[in-house]
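Residue numbers (our numbering), protein chains in the order written: chain B, 20 to 306; chain Y, 20 to 306. Ideal Cβ positions, reconstructed from N, Cα and C, are used throughout, including at glycine. A quick write-up on the structure given underneath.
Protein chains: 2
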Amino acid sequence: MASAFDADTAVTPRLPHGAAAVGRPAEYDVGISDRWNVGSRPNGGYLLALAGRAIGATLPHPDPFSLTGHFLSPPDPGPAVVEVTPVRVGRSLATATARVTQDDADGRTRERLRVLATYGELAGLAGHTAVTAVPPVLPAPEDCVRAAPSFPGGTRVAIVEQFDIRLDPPSAGWAAGRPSGEAVMRGWLRFADGHDADPLSLLLIGDVFPPTAFNLGLTGWVPTIEMTVHVRGIPVPGWLRMVVTTRNVSGGYLEEDAEIWDEADQLVAQSRQLARLTSTTDGGSSR
Amino acid sequence: MASAFDADTAVTPRLPHGAAAVGRPAEYDVGISDRWNVGSRPNGGYLLALAGRAIGATLPHPDPFSLTGHFLSPPDPGPAVVEVTPVRVGRSLATATARVTQDDADGRTRERLRVLATYGELAGLAGHTAVTAVPPVLPAPEDCVRAAPSFPGGTRVAIVEQFDIRLDPPSAGWAAGRPSGEAVMRGWLRFADGHDADPLSLLLIGDVFPPTAFNLGLTGWVPTIEMTVHVRGIPVPGWLRMVVTTRNVSGGYLEEDAEIWDEADQLVAQSRQLARLTSTTDGGSSR
Numbered sequence: 020m021a022s023a024f025d026a027d028t029a030v031t032p033r034l035p036h037g038a039a040a041v042g043r044p045a046e047y048d049v050g051i052s053d054r055w056n057v058g059s060r061p062n063g064g065y066l067l068a069l070a071g072r073a074i075g076a077t078l079p080h081p082d083p084f085s086l087t088g089h090f091l092s093p094p095d096p097g098p099a100v101v102e103v104t105p106v107r108v109g110r111s112l113a114t115a116t117a118r119v120t121q122d123d124a125d126g127r128t129r130e131r132l133r134v135l136a137t138y139g140e141l142a143g144l145a146g147h148t149a150v151t152a153v154p155p156v157l158p159a160p161e162d163c164v165r166a167a168p169s170f171p172g173g174t175r176v177a178i179v180e181q182f183d184i185r186l187d188p189p190s191a192g193w194a195a196g197r198p199s200g201e202a203v204m205r206g207w208l209r210f211a212d213g214h215d216a217d218p219l220s221l222l223l224i225g226d227v228f229p230p231t232a233f234n235l236g237l238t239g240w241v242p243t244i245e246m247t248v249h250v251r252g253i254p255v256p257g258w259l260r261m262v263v264t265t266r267n268v269s270g271g272y273l274e275e276d277a278e279i280w281d282e283a284d285q286l287v288a289q290s291r292q293l294a295r296l297t298s299t300t301d302g303g304s305s306r
Numbered sequence: 020m021a022s023a024f025d026a027d028t029a030v031t032p033r034l035p036h037g038a039a040a041v042g043r044p045a046e047y048d049v050g051i052s053d054r055w056n057v058g059s060r061p062n063g064g065y066l067l068a069l070a071g072r073a074i075g076a077t078l079p080h081p082d083p084f085s086l087t088g089h090f091l092s093p094p095d096p097g098p099a100v101v102e103v104t105p106v107r108v109g110r111s112l113a114t115a116t117a118r119v120t121q122d123d124a125d126g127r128t129r130e131r132l133r134v135l136a137t138y139g140e141l142a143g144l145a146g147h148t149a150v151t152a153v154p155p156v157l158p159a160p161e162d163c164v165r166a167a168p169s170f171p172g173g174t175r176v177a178i179v180e181q182f183d184i185r186l187d188p189p190s191a192g193w194a195a196g197r198p199s200g201e202a203v204m205r206g207w208l209r210f211a212d213g214h215d216a217d218p219l220s221l222l223l224i225g226d227v228f229p230p231t232a233f234n235l236g237l238t239g240w241v242p243t244i245e246m247t248v249h250v251r252g253i254p255v256p257g258w259l260r261m262v263v264t265t266r267n268v269s270g271g272y273l274e275e276d277a278e279i280w281d282e283a284d285q286l287v288a289q290s291r292q293l294a295r296l297t298s299t300t301d302g303g304s305s306r
């Protein structure tokens, strides 16, 4: 049976659908599920993964080495179109842009997300390896705090139910009204349906922990402006560990840096997003 | 008198040139100078700044909040065209794509760089500020090592002459055949012509230190695949401090994370690039 993630990132080529070529767009119909919502809005990382699936279906190389998305307007659950245009196709790497659009109630097409990405093949990379990054030290999953599917103010967070998220107790203090004061979220996670993470799913996973700002006592919506994910390895089956860190909140903007580690202590993804603090508690955007 | 940086990032609108509009490209003629070369190839950050200048000339907001470039083919010094297409123009933020192209010897147009960026206005940002990042502790500039305009193997690095770069002595060991073993470059820098850095120039500056891989004893070319810069503040006049760190060399690919600090201890930019280790010592690309 398909995983929830695979089912909800399925893409259907619009006909006529020919071989990918530089400068020639390929279009895909997709359905944006509400199972990955935060409040009434689909999670940004989920949108990245949808676009990333369509890019992988278009380019000859399977894995997102580096994918950047700029979020343009708040998406709604429901039908959408992903248009992928190859920019350059090389022997080991290929680059493409993607646009995710939806028609609004009066039939106007609105762009939700613009993506620029370079794909390659993670399997069999044979070059030099030297890792000084170290995985986080966490209590065992059973000694961590299971994330609840709601945010301060009562916003329902459906996406949390698609994962088994176990936050390091200090990272979970915000949920009990005791923010740690440190803009960090650490913990374990895996898909709730028992399927293992693949490289594509890391585009989503880097965005699924609660905002680091919650641990500063800030409880407003933190919409993503831009998010870039480097997928660096194929995760082995099992739990992932993730650390999301913010070190520079300035003028109402902040970065969120995520590192995702697998059970083989492999740093499988590094992501960074630029986000904005707001005082609202649901996802309307006022960009 | 214009700074070298301003002179070499000047953009000339191609006529007819109308007001920017979403989906309507604006084209600019630019000259890629050889003063920012590494070997025979213009530096990647310099290309980002050229594209960034054209985007700023097109959008209503002046400053690159988040700019991503994917490098597609090795540029040559000489004429080029930057085509900027606004994607979304909002009250506080605007998003655009840019393409940098050059005609090769047989008249074929080759794309060098594709950019996706969101611009805003850094002056007057009034939101929440909470910074836990700390600037690097460095010896005084006069106790650091002035970077020489050459790399291992004798490659001339013209860009180094456009700056006064003072590397922390442990970061400079590679130049004397004693790589530190730690994939980090720390130091001071400012423009050699006495002009101060502005927000646009931070797109370039994040890419001007020697590759961190030199301190691992690796001396090959490290071409950038993708680079993302978050400009987070307007630098005050004076020296900048920069730390570039690599923590995950894996399968021949690596990230380089740069933090740029000004004399007011403001973290004015955070950048990250994905690059590839090669064994060649000049900049042909084999992507």
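Judging by CA-CA distance, which residue of Y:Trp240, Y:Ser199, Y:Pro98, Y:Arg107 is the nearest neighbour of Glu124 (chain Y)?
Reading off the sequence shown, one finds Ala at residue 124 (chain Y), where the question assumed Glu. The shortest C-alpha separation from Ala124 (chain Y) is found at Y:Pro98.
Contact check, His174 (chain B) vs Gly239 (chain B), beta carbons under 8 Å
A small fix is needed here, since residue 174 (chain B) is Thr in this sequence, not His. No, they are not a contact pair.
Going residue by residue through the stretch 22-101 of chain B, where are the continuous beta strand (DSSP E) segments of at least 3 residues, counting only ones entirely within it?
45-51, 82-90
Contiguous beta strand (DSSP E) assignments of at least 3 residues, all confined to the stretch 113-149 of chain B
Taking only runs of at least 3 residues, the beta strand (DSSP E) segments lying wholly in the stretch 113-149 of chain B are 113-122, 128-139.
Where the stretch 229-252 of chain Y meets chain B: residues whose CB sits under 9 Å from a CB there:
Ala232, Leu235, Leu237, Ile244, Glu245, Thr247, His249, Arg251, Gly252
For Pro32 (chain B), the nearest candidate out of B:Asp281, B:Phe233, B:Pro189, B:Val101 (CA to CA)
B:Val101
Measuring CA to CA, which of Y:Pro105, Y:Asp281, Y:Leu132, Y:Gly200 is closest to Gly37 (chain Y)?
Y:Pro105
Pick from B:Asp183, B:Ile74, B:Gly225 that is closest to Phe210 (chain B), judged by C-alpha positions:
It is B:Asp183 whose Cα lies nearest to the Cα of Phe210 (chain B).
Can you give the Cα-Cα distance for Val203 (chain B) and Ser190 (chain B), rounded to whole angstroms?
7 Å
On the CB-based measure, 16 or more other CB atoms within 10 Å of its CB, does Glu46 (chain B) come out buried or exposed?
buried
Between the C-alpha atoms of Asp82 (chain Y) and Val248 (chain Y), what's the straight-line distance to the nearest angstrom?
12 Å
With burial defined as no fewer than 16 other Cβ atoms inside 10 Å of the residue's Cβ, what is the status of Ala115 (chain B): buried or exposed?
buried
Give the DSSP bridge partners of Phe210 (chain B), in chain order.
Among the bridge pairs identified by DSSP, Phe210 (chain B) is matched with B:Phe182.
Listed from N- to C-terminal order along the chain, which residues in the stretch 160-180 of chain B have their beta-carbon within a distance smaller than 8 Å of any beta-carbon of chain Y?
none
Have a look at B:Asp187, B:Ala142, B:Ala167, B:Leu144 and flag the residue whose alpha-carbon is nearest the alpha-carbon of Pro158 (chain B).
B:Asp187
If we define contact as Cβ-Cβ less than 8 Å, is Leu296 (chain Y) a contact residue for chain B?
For Leu296 (chain Y), the answer is yes, since a Cβ of chain B falls inside 8 Å of its Cβ.
Go ahead and pull the three-state DSSP assignment for His297 (chain Y).
Note that residue 297 (chain Y) is Thr in the sequence shown here, rather than His. Thr297 (chain Y): coil per DSSP, three-state reduction.
Identified DSSP bridge partners for Arg260 (chain Y):
When beta bridges are read from the DSSP output, Arg260 (chain Y) appears opposite Y:Trp207, Y:Trp280.
Beta-carbon gap between Gln289 (chain B) and Glu245 (chain B) smaller than 8 Å:
Their beta carbons are not under 8 Å apart, which means Gln289 (chain B) does not touch Glu245 (chain B) by this criterion.
Show which residues of chain Y have a CB atom less than 8 Å away from the CB atom of Arg291 (chain B).
Thr247, His249, Gln289, Arg291
Does Ser199 (chain Y) come out as helix, strand or coil in the three-state DSSP assignment?
coil
Note down, in chain order, every chain B residue with its Cβ under 9 Å from the Cβ of Ser269 (chain Y).
Leu144, Gly146, His147, Thr148, Ala149, Val150, Arg251, Gly252, Gln285, Leu286
Using a Cβ-Cβ distance cut-off of 8 Å, determine whether Ser85 (chain B) contacts chain Y.
yes
Please classify Arg110 (chain B): is it buried, with 16 or more other beta-carbons within 10 angstroms of its beta-carbon, or exposed?
Counting every other CB atom within 10 Å of its CB across the protein chains shown gives Arg110 (chain B) a total below 16, marking it as exposed.
If the cut is a Cβ gap below 7 Å, which residues of chain B does Glu274 (chain Y) touch?
His249, Gln289
Considering only the beta carbon of each residue, do Val164 (chain B) and Phe170 (chain B) sit closer than 8 Å?
Against a cut-off of 8 Å, the Cβ pair of Phe170 (chain B) and Val164 (chain B) comes out as no contact.
Does Tyr65 (chain B) come within less than 8 Å of chain Y when only Cβ atoms are used?
no
If you draw a straight line from the alpha carbon of Val179 (chain B) to that of His147 (chain Y), how long is it in whole angstroms?
Each residue's alpha carbon lies about 27 Å from the other.
Please tell me whether Thr137 (chain Y) has its Cβ less than 8 Å away from any Cβ of chain B.
yes
Less than 8 Å between the beta carbons of Arg144 (chain Y) and Gly270 (chain B), yes or no?
The sequence given here has Leu at residue 144 (chain Y), not Arg. Against a cut-off of 8 Å, the Cβ pair of Gly270 (chain B) and Leu144 (chain Y) comes out as a contact.
Test: His214 (chain Y) CB closer than 8 Å to a CB of chain B
So, not an interface residue.
Is Val286 (chain Y) helix, strand or coil when you go by DSSP?
Correcting the residue identity first, residue 286 (chain Y) is Leu in this sequence and not Val. Looking at Leu286 (chain Y) - three-state DSSP - the assignment turns out to be strand.
Taking buried to mean at least 16 other C-beta atoms within 10 Å of its own C-beta, is Pro242 (chain B) buried or exposed?
buried
Endpoints, the alpha helix (DSSP H) within which Ile224 (chain Y) is located
220-224
So, does the CB of Arg43 (chain Y) fall closer than 8 Å to a CB anywhere in chain B?
no
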